[in-house]
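Each residue of the sequence shown is one higher than the one before, starting from 49 at the first, in UniProt numbering.
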Amino acid sequence: VPQENIRNFSIIAHIDHGKSTLSDRLLQLTNTKLSEQRDQYMDKLQVERERGITVKAQSASLFYQQDGKDYLLNLIDTPGHVDFSYEVSRSLAACEGVILLIDASQGIEAQTLANHALATKNGLKIIPCMNKIDLPHADPDRVAAQVHAALGYAKEEILQVSGKTGVGVEELLRAVIERIPPPTGSLQNGLRALVFDTWYETFKGVVSLIRVMEGQIAHGEKFLMKSTDKTYEVHELGIMHPEATPVTRLQAGQVGYILCNMKSPAEARVGDTVCSDASVEALKGFQPPVPMVFAGIYPIDASDFDALNKAISKLLLNDTSVSIFKESSNALGLGFRCGFLGLLHMDVFRQRLEQEHNADIIITNPTVPFRVRLKKNPKEFVTISNPSDFPDQSQVIEFEEPVVKASLLMPTEHLGGVMELCTSRRARDLDMVYLDSGQVLLKCILPLGEIVIDFYDKIKGISAGYASLEYEPAGFQQAQISKVTFHLNGKPVDALTTIVHHTNAEQVGRRVTEKLKEVLDRQQFEVAVQAMVGGRVIARETIKAVRKNVLSRSGKTVGGGDVTRKKKLLEKQKEGKKKMKRIGDVELSQDAFLTVIDNS
Ligand code: GDP
Ligand code: MG
49 VPQENIRNFS
59 IIAHIDHGKS
69 TLSDRLLQLT
79 NTKLSEQRDQ
89 YMDKLQVERE
99 RGITVKAQSA
109 SLFYQQDGKD
119 YLLNLIDTPG
129 HVDFSYEVSR
139 SLAACEGVIL
149 LIDASQGIEA
159 QTLANHALAT
169 KNGLKIIPCM
179 NKIDLPHADP
189 DRVAAQVHAA
199 LGYAKEEILQ
209 VSGKTGVGVE
219 ELLRAVIERI
229 PPPTGSLQNG
239 LRALVFDTWY
249 ETFKGVVSLI
259 RVMEGQIAHG
269 EKFLMKSTDK
279 TYEVHELGIM
289 HPEATPVTRL
299 QAGQVGYILC
309 NMKSPAEARV
319 GDTVCSDASV
329 EALKGFQPPV
339 PMVFAGIYPI
349 DASDFDALNK
359 AISKLLLNDT
369 SVSIFKESSN
379 ALGLGFRCGF
389 LGLLHMDVFR
399 QRLEQEHNAD
409 IIITNPTVPF
419 RVRLKKNPKE
429 FVTISNPSDF
439 PDQSQVIEFE
449 EPVVKASLLM
459 PTEHLGGVME
469 LCTSRRARDL
479 DMVYLDSGQV
489 LLKCILPLGE
499 IVIDFYDKIK
509 GISAGYASLE
519 YEPAGFQQAQ
529 ISKVTFHLNG
539 KPVDALTTIV
549 HHTNAEQVGR
559 RVTEKLKEVL
569 DRQQFEVAVQ
579 AMVGGRVIAR
589 ETIKAVRKNV
599 LSRSGKTVGG
609 GDVTRKKKLL
619 EKQKEGKKKM
629 KRIGDVELSQ
639 DAFLTVIDNS
């Protein structure tokens, strides 16, 4: 296929607006045969099918004939969530255009705007397209007015399709061919290609998806990875059709996979440049992923540590953006300190451990990375991502906390409630834009630590589900940070230690001490439950002494999470009742612990 008959495009949409369904429809319409028939080919993992989000991008090359000409359409998939925004932007860098999909019954949402902004920034041709027009409550006229008001497209430019019934999808393919420009880039130049997705397969090893920008690459050739300066040899290359299909050569403008002699998945990095030699300039924008949410992961049963270790190593092969360190806790034994790109990323990781590896785990409360400048080295900030690394306050010059630029889109009647919540979470630089009849976009700067726990749920609650949230990292700001520790009769319970903004210390202290009091069995003597900051007690509960265990544990709840998970946890807790732990002179059952620590 000549370069002028190639189109590289992506579908971008708010979650649930129908990207996966439409992708499948495009595969079907272009007769792209699947080796195994399965709904939503594009979402492969169980967690993706259940959650309706795409964790790992699935790209495919489609062959399509129109007006007697053969076209090669490369559909480049993007991960569907803000936690993976860096990977979204790399995927878009491999395209010349996008289909901006908008649910015709829901209208524009926060991610629609964010995706649109990202596509515009990348200089891509955007095809606005309403989806789900088959729905009885679809309102194409209202949504078209909204798209016009918010994004400036004329009503005539906006396509109307249904990924479900297939209505309008051929017109959409026509628009892709007519409106999106073919790739450019000379075949004569030295090789320059962008890595926009990578994963690990048991028999093949590291697979990298690349978009060739200039030059060409062929089987058996040597190439250089720009960020590491390492040389590799191509063992196999090909296109995803949608399964890996070998070809002999990939040329400027094309998209495909390469296999080479890479030893570890960490060597293939999204955003890196594949090139022929050192004289070729790197494509712009490579940055390693930065974990923004940290939590401890422990086996519920300490004897499962080795199994958990294996399971985590396996998952890491396919997710190089998780950072892992071993750690140990007096209450939970051996475990891991893990860094994630965001909360959803953490949740997906937990779910995959449970579903794909059958691991029974407990995750401690998530914290964000703080930065600190210490007297012994006043010129440099050090990052603290683990409460156990918290420095002595007397050595601290200043702390900084991570902040994000948040965009919240909602019907205007929910603005009051949402603003109130944002203000209570220390939002600043609030800015509002009224988009059209009924919607308002609220932008603000929020500390990341204020949104990692329950912000998203609160927003959904306040707005009856109508407000949507999108955020991007916005650096660090000065803050007063406290370490809150918990003690039973003076002995610390390390797994509960947390780092928070000082204004939240008391609330966290009170919540956890109350919870501890609720679940702890009475002992032969009085037990003091204390929360402390520095040497100061900020919350205290007392459990009176009794002779027998009289407190019933019935009616205790385990918190959110799905039902099977809850059941599993409850079963484990039953076993755990017999297992006792000892913190100082206080004996407590394992299940008491799990209830306090588990954050799911
Ligand atoms: P994604 O999150 O953007 O990938 O969205 P999905 O493709 O997973 O679709 C989300 C939900 O909308 C699913 O329940 C789909 O069955 C449904 N859906 C997707 N496209 C259409 C459509 O064109 N019409 C109707 N009625 N439902 C659709
Ligand atoms: Mg999807």
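Every residue, glycine too, gets a C-beta built ideally from N, C-alpha and C.
Practice task
In the DSSP assignment, find the unbroken alpha helix (DSSP H) run with residue 470 in it and report its ends.
Solution key: For this step, residue 470 is matched to residue 422 along the sequence shown. Looking at the DSSP string, the run of the alpha helix (DSSP H) that includes residue 470 is 463-472.
Handout entry: Continuous beta strand (DSSP E) stretch holding residue 343: start and end
Key = By 1-based counting over the sequence shown, the position of residue 343 is 295. That run of the beta strand (DSSP E) goes 341-347.
Problem - Environment of residue 281 [buried if 16+ CB atoms lie within 10 Å] - result: Here residue 281 corresponds to residue number 233 of the sequence shown, with the count starting at 1. Looking at its Cβ environment, which holds fewer than 16 other Cβ atoms inside 10 Å, residue 281 is exposed.
Exercise for the section: Measure the CB-CB distance between residue 75 and residue 59 and report whether it falls below 8 Å. Expected result: Within the sequence shown, the letter at position 27 stands for residue 75. Within the sequence shown, the letter at position 11 stands for residue 59. In this structure, residue 59 does not lie closer than 8 Å to residue 75 by Cβ.
Exercise for the section: Taking only heavy atoms of the ligand GDP into account, decide whether any of them is closer than 7 Å to the Cβ of residue 164. Expected result: In the sequence shown, the residue the question calls residue 164 occupies position 116. For the ligand GDP, not one heavy atom lies less than 7 Å from the Cβ of residue 164.
Handout entry: Contiguous beta strand (DSSP E) assignments of at least 3 residues, all confined to the region 298-366
Key = 303-308, 321-323, 341-347
Exercise for the section: Go to residue 162, then tell me how far its beta strand (DSSP E) extends in each direction, as first and last residue. Expected result: For this step, residue 162 is matched to residue 114 along the sequence shown. No beta strand (DSSP E) holds residue 162; the alpha helix (DSSP H) holding it covers 158-169.
Handout entry: Separation of residue 589 from residue 633, as counted between CA atoms
Key = Your numbering for residue 633 matches position 585 in the sequence shown. Your numbering for residue 589 matches position 541 in the sequence shown. Computed Cα separation, rounded: 17 Å.
Handout entry: Proximity winner among 124, 548, 635, relative to residue 496 (alpha-carbon distances)
Key = Counted from its first residue, the sequence shown places residue 496 at position 448. Minimum Cα distance to residue 496 is reached at 548.
Handout entry: Between the CA atoms of residue 321 and residue 524 - distance to the nearest angstrom
Key = What you label residue 524 is simply residue 476 of the sequence shown in a count that begins at 1. What you label residue 321 is simply residue 273 of the sequence shown in a count that begins at 1. Cα-Cα distance, rounded: 29 Å.
Problem - Simplified DSSP assignment, three categories, for residue 369 - result: In the sequence shown, residue 369 corresponds to position 321, counting from 1. In this structure, residue 369 counts as coil in the three-state DSSP scheme.
Practice task
Mind checking which residues open and close the beta strand (DSSP E) that includes residue 395?
Solution key: Locating residue 395 in the sequence shown gives position 347, where the first residue counts as 1. Segment 391-405 is the alpha helix (DSSP H) holding residue 395; no beta strand (DSSP E) there.
Practice task
Consult DSSP for residue 183 and reduce its assignment to one of helix, strand or coil.
Solution key: If you number the sequence shown from 1, residue 183 lands on position 135. Of the three classes helix, strand and coil, the one that applies to residue 183 here is coil, per DSSP.
Exercise for the section: Look up residue 201 in the DSSP assignment and say whether it is helix, strand or coil. Expected result: Start at 1 with the first residue of the sequence shown, and residue 201 comes out as number 153. Here residue 201 sits in coil by DSSP.
Practice task
Could you check the C-alpha separation between residue 255 and residue 285 for me, to the nearest Å?
Solution key: Walking along the sequence shown from the start, residue 255 turns up at place 207. Walking along the sequence shown from the start, residue 285 turns up at place 237. Approximately 9 Å, taken between the alpha carbons.
Practice task
Have a look at residue 298 and residue 266 and give me their C-alpha separation to the nearest angstrom.
Solution key: Sequence index remark: in the sequence shown, residue 298 carries index 250 (1-based). Sequence index remark: in the sequence shown, residue 266 carries index 218 (1-based). Their backbone Cα atoms lie some 6 Å apart in a straight line.
Problem - residue 541 (DSSP reduced to helix, strand or coil) - result: The residue labelled residue 541 in the question sits at position 493 within the sequence shown. In this structure, residue 541 counts as coil in the three-state DSSP scheme.
Handout entry: Own chain partners of residue 447 with C-beta closer than 6 Å, once the 5 adjacent residues on each side are dropped
Key = Indexing the sequence shown from 1 puts residue 447 at position 399. Here the set comprises 418, 420, 527, 529.
Handout entry: Test item: CB-CB of residue 111 and residue 160 under 8 Å
Key = By 1-based counting over the sequence shown, the position of residue 111 is 63. By 1-based counting over the sequence shown, the position of residue 160 is 112. Their beta carbons are not under 8 Å apart, which means residue 111 does not touch residue 160 by this criterion.
Practice task
Assess, as a yes-or-no matter, whether the region 143-158 is touched by the region 171-178 under the definition of 3 or more beta carbon pairs within less than 8 Å.
Solution key: yes
Exercise for the section: Could you say if the region 115-134 and the region 386-398 meet the contact criterion of at least three C-beta pairs nearer than 8 Å? Expected result: yes
Practice task
Run the proximity test for residue 123: is its beta-carbon closer than 7 Å to any non-hydrogen atom belonging to the ligand GDP?
Solution key: Translated into positions along the sequence shown, residue 123 becomes position 75. Checking the Cβ of residue 123 against the ligand GDP gives no.
Problem - Cβ-Cβ distance between residue 385 and residue 434 below 8 Å - result: If you number the sequence shown from 1, residue 385 lands on position 337. If you number the sequence shown from 1, residue 434 lands on position 386. Yes, they are a contact pair.
Problem - Segment limits, alpha helix (DSSP H) that includes residue 77 - result: As a working mapping, residue 77 is identified with position 29 in the sequence shown. 67-77 is the span of the alpha helix (DSSP H), which, as asked, contains residue 77.
Practice task
Report the rounded CA-to-CA distance for residue 227 versus residue 345, giving the unit in angstroms.
Solution key: Taking the first residue of the sequence shown as position 1, residue 227 is located at position 179. Taking the first residue of the sequence shown as position 1, residue 345 is located at position 297. Looking at the two C-alpha atoms, the distance is approximately 48 Å.
Practice task
Check whether the region 298-312 touches the region 256-263, counting contact only when three or more Cβ pairs, one atom from each stretch, lie closer than 8 Å.
Solution key: yes
Practice task
Say yes only if the C-beta of residue 180 is nearer than 7 Å to one or more non-hydrogen atoms of the ligand GDP, and no if none qualify.
Solution key: Here the question's residue 180 lines up with position 132 in the sequence shown. Flag set: Cβ of residue 180 near the ligand GDP.
Practice task
May I ask you to report which of helix, strand or coil DSSP gives residue 221?
Solution key: Along the sequence shown, read from residue 1 onward, the residue named residue 221 stands at position 173. Three-state DSSP puts residue 221 in a helix.
Exercise for the section: Reducing DSSP to helix, strand and coil, say where residue 451 ends up. Expected result: Your numbering for residue 451 matches position 403 in the sequence shown. Three-state DSSP puts residue 451 in a strand.
Problem - Residue interval of the beta strand (DSSP E) (run including residue 256) - result: As a first step, residue 256 must be located in the sequence shown, where it is residue number 208. Note, residue 256: beta strand (DSSP E), 253-262.
Practice task
Following the continuous alpha helix (DSSP H) through residue 504, name the residue where it begins and the one where it ends.
Solution key: Locating residue 504 in the sequence shown gives position 456, counting from the first residue. Counting along the chain, the alpha helix (DSSP H) containing residue 504 begins and ends at 503-510.
Practice task
Name the one or two DSSP bridge partners that residue 431 has.
Solution key: Start at 1 with the first residue of the sequence shown, and residue 431 comes out as number 383. Beta-bridge pairing links residue 431 to 419.
Problem - Meets three-Cβ-pair contact criterion under 8 Å: the region 572-580 and the region 462-481 - result: no
Practice task
From the DSSP output, in three-state form, read off residue 56 for me.
Solution key: Counted from its first residue, the sequence shown places residue 56 at position 8. Residue 56 falls in the strand class under three-state DSSP.
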